[in-house]
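These protein sequence lines are chains A and B, in that order.
Add 602 to a position in the first sequence, counting from 1, and you land on the number used in the numbering used here.
Add 602 to a position in the second sequence, counting from 1, and you land on the number used in the numbering used here.
There are 2 protein chains.
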Amino acid sequence: MTARFYTPDAHRVGDLVDLPPDEAAHLARVLRLTAGSAVRLFNGVGGEFEGVVDAVSKGRAAVRLTGAREPVAEPRVAVTLAQAVLKGDKMDDVVRDAVMMGVAAVQPVVTARSEVTLAALRRGGRRERWHRIAVSAAKQSGRATVPPILEPCAFSDLTTALAQMALPGPAAMFVEPSADEGTLALSDLSDPPPRETTVIVGPEGGWDAEELARGAAVCRMVTLGRRTLRADAMAIVALAALFAIWKEY
Amino acid sequence: MTARFYTPDAHRVGDLVDLPPDEAAHLARVLRLTAGSAVRLFNGVGGEFEGVVDAVSKGRAAVRLTGAREPVAEPRVAVTLAQAVLKGDKMDDVVRDAVMMGVAAVQPVVTARSEVTLAALRRGGRRERWHRIAVSAAKQSGRATVPPILEPCAFSDLTTALAQMALPGPAAMFVEPSADEGTLALSDLSDPPPRETTVIVGPEGGWDAEELARGAAVCRMVTLGRRTLRADAMAIVALAALFAIWKEY
Numbered sequence: 603m604t605a606r607f608y609t610p611d612a613h614r615v616g617d618l619v620d621l622p623p624d625e626a627a628h629l630a631r632v633l634r635l636t637a638g639s640a641v642r643l644f645n646g647v648g649g650e651f652e653g654v655v656d657a658v659s660k661g662r663a664a665v666r667l668t669g670a671r672e673p674v675a676e677p678r679v680a681v682t683l684a685q686a687v688l689k690g691d692k693m694d695d696v697v698r699d700a701v702m703m704g705v706a707a708v709q710p711v712v713t714a715r716s717e718v719t720l721a722a723l724r725r726g727g728r729r730e731r732w733h734r735i736a737v738s739a740a741k742q743s744g745r746a747t748v749p750p751i752l753e754p755c756a757f758s759d760l761t762t763a764l765a766q767m768a769l770p771g772p773a774a775m776f777v778e779p780s781a782d783e784g785t786l787a788l789s790d791l792s793d794p795p796p797r798e799t800t801v802i803v804g805p806e807g808g809w810d811a812e813e814l815a816r817g818a819a820v821c822r823m824v825t826l827g828r829r830t831l832r833a834d835a836m837a838i839v840a841l842a843a844l845f846a847i848w849k850e851y
Numbered sequence: 603m604t605a606r607f608y609t610p611d612a613h614r615v616g617d618l619v620d621l622p623p624d625e626a627a628h629l630a631r632v633l634r635l636t637a638g639s640a641v642r643l644f645n646g647v648g649g650e651f652e653g654v655v656d657a658v659s660k661g662r663a664a665v666r667l668t669g670a671r672e673p674v675a676e677p678r679v680a681v682t683l684a685q686a687v688l689k690g691d692k693m694d695d696v697v698r699d700a701v702m703m704g705v706a707a708v709q710p711v712v713t714a715r716s717e718v719t720l721a722a723l724r725r726g727g728r729r730e731r732w733h734r735i736a737v738s739a740a741k742q743s744g745r746a747t748v749p750p751i752l753e754p755c756a757f758s759d760l761t762t763a764l765a766q767m768a769l770p771g772p773a774a775m776f777v778e779p780s781a782d783e784g785t786l787a788l789s790d791l792s793d794p795p796p797r798e799t800t801v802i803v804g805p806e807g808g809w810d811a812e813e814l815a816r817g818a819a820v821c822r823m824v825t826l827g828r829r830t831l832r833a834d835a836m837a838i839v840a841l842a843a844l845f846a847i848w849k850e851y
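Okay, here's the thing in structure tokens:
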């Protein structure tokens, strides 16, 4: 199979583009491709190209774009996943799988029961790390789009953004099966599918009472069956179930 | 929340039952419960009980069953997950999440591209390990049923079992989006939901040509969207999507 590289500068057939340094290193040192090799490039904003390696030198690889390809179609519903930041590297796995499944954006959220602060995320360069994971997940899954990792925010900022329609709604906020009556089952979510929406998934310890109240004011509260799931499986299950009822699968 | 223990011997209100040794140790040493403590027991075959600790001694804990509880409902469709054994401990995670989601049984399968043999699984006590994971997943998820981990088998034994209806069919075999035409989308799977079925998910390297041919003879071949997913996310995505179209969620 032809190797495929992420190249944000790839936009027009005929152009000669430089691969980013890490992609160039992968091309040269790992795959040992040389001038004349056929490659594929995607630019992260939906463009997919055929190309031929023009020149490889220390730390650089230049590719001539020889043709445009039809990119893998994006899901019909553009889902922003607002995921409460999980412990350790579990958030990395959720970002990876959510991107491979086709989310349009990831909004990391710090909640009352998250074990991390916005300052610690910033200091740790976590957003940049999740962006690199999103690039790698787009490569693996065949997507030509790298969904943005939005600036991490507090839960109250999330509900404000939803109220002000800075994030797409009506949002679905997923809650434990033991939660209050008045929550919806997935099958209650209205047809037809929305054009875009936000899906909100909580942390290991669940939501606190204030978050549930704030969430209920701007979201549809949804449960997924009667069994408790692991926090790190929740987003994958929710996205798969939503894509299924929206006939994406 | 009242602590909940797995006790296969719990069957009738009024009985005095011994917890299995590891559950007794958890009750006594970790949770430090003593005689008179209220507990909940489930027996792994759908029974859920209230109980009171009667006596705790070295390595033993006896509980009097004081009442029956309504167990968390099982899914309406009984799904046997036939999962190709994945690398390292990834299979453990799939077993855990699949049990938490509600599968009726797990059939581990060794395929052409699995990196393990049936003999190695047996030597490593992997089936017993997956059973312990299933018990722990039933505890975490609130299920009163511990689904059986069936004896691992080769892929050819799986298709034979399906052909002889030793496993429930028609089975759905999940294949890569790049697979041949003639595969179904999830939304093509016929209504109404079956009473029981088998869902077949492949290993990291995918199916080989012979497996695809054998599978196609006894299964419906299904793709899930147009993006490639990680092998260890596939079962979770497939189960969630199926439960969604079957109105389990």
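All residues carry an ideal CB built from backbone N, CA and C; glycine is no exception.
| Query | Result |
| --- | --- |
| Between the CA atoms of Thr830(B) and Cys755(B) - distance to the nearest angstrom | 26 Å |
| Proximity of Ala768(B) and Phe845(A) at Cβ, strictly below 8 Å | no |
| Any chain B beta carbon closer than 8 Å to Leu831(A) | yes |
| DSSP three-state assignment for Gly817(B), whether helix, strand or coil | helix |
| Pair within 8 Å by beta-carbon distance, Pro610(B) and Gly648(B) | no |
| Cross-chain neighbours of Leu788(B) in chain A, by beta carbon under 7 Å | Ala846 and Tyr851 |
| Cutoff 6 Å; reference Ser639(A); Cβ partners in own chain excluding five residues on either side | Val655 |
| Where Ala843(A) meets chain B, residues with beta-carbon distance less than 8 Å | Ala842, Ala843, Phe845, Ala846 and Tyr851 |
| Under the three-state DSSP convention, the category Asp810(A) falls into | coil |
| Segment contact, 8 Å Cβ cut-off, at least three pairs: the stretch 690-701 of chain A with the stretch 721-739 of chain A | yes |
| Neighbour flag for Asp691(A) against chain B, beta carbons, 8 Å | no |
| Beta-carbon gap between Val681(B) and Ile735(B) smaller than 8 Å | no |
| Rounded separation between Val839(B) and Met836(A) - CA only | 11 Å |
| DSSP beta-bridge partners of Phe607(B) | Leu643(B) |
| Residues bridged to Ala756(B) (per DSSP) | Val712(B) |
| CB contact below 8 Å: Met836(A) versus chain B | no |
| Chain A contact residues for Met823(B), given Cβ-Cβ distances below 9 Å | The contacting residues do not exist; Met823(B) stays about 14 Å from chain A at best. |
| Neighbour list for Ala675(B) in chain A, Cβ cutoff strictly below 7 Å | Arg828 |
| Contact between the stretch 665-677 of chain A and the stretch 814-822 of chain A (3+ Cβ pairs under 8 Å) | no |
| Environment of Pro677(B) [buried if 16+ CB atoms lie within 10 Å] | buried |
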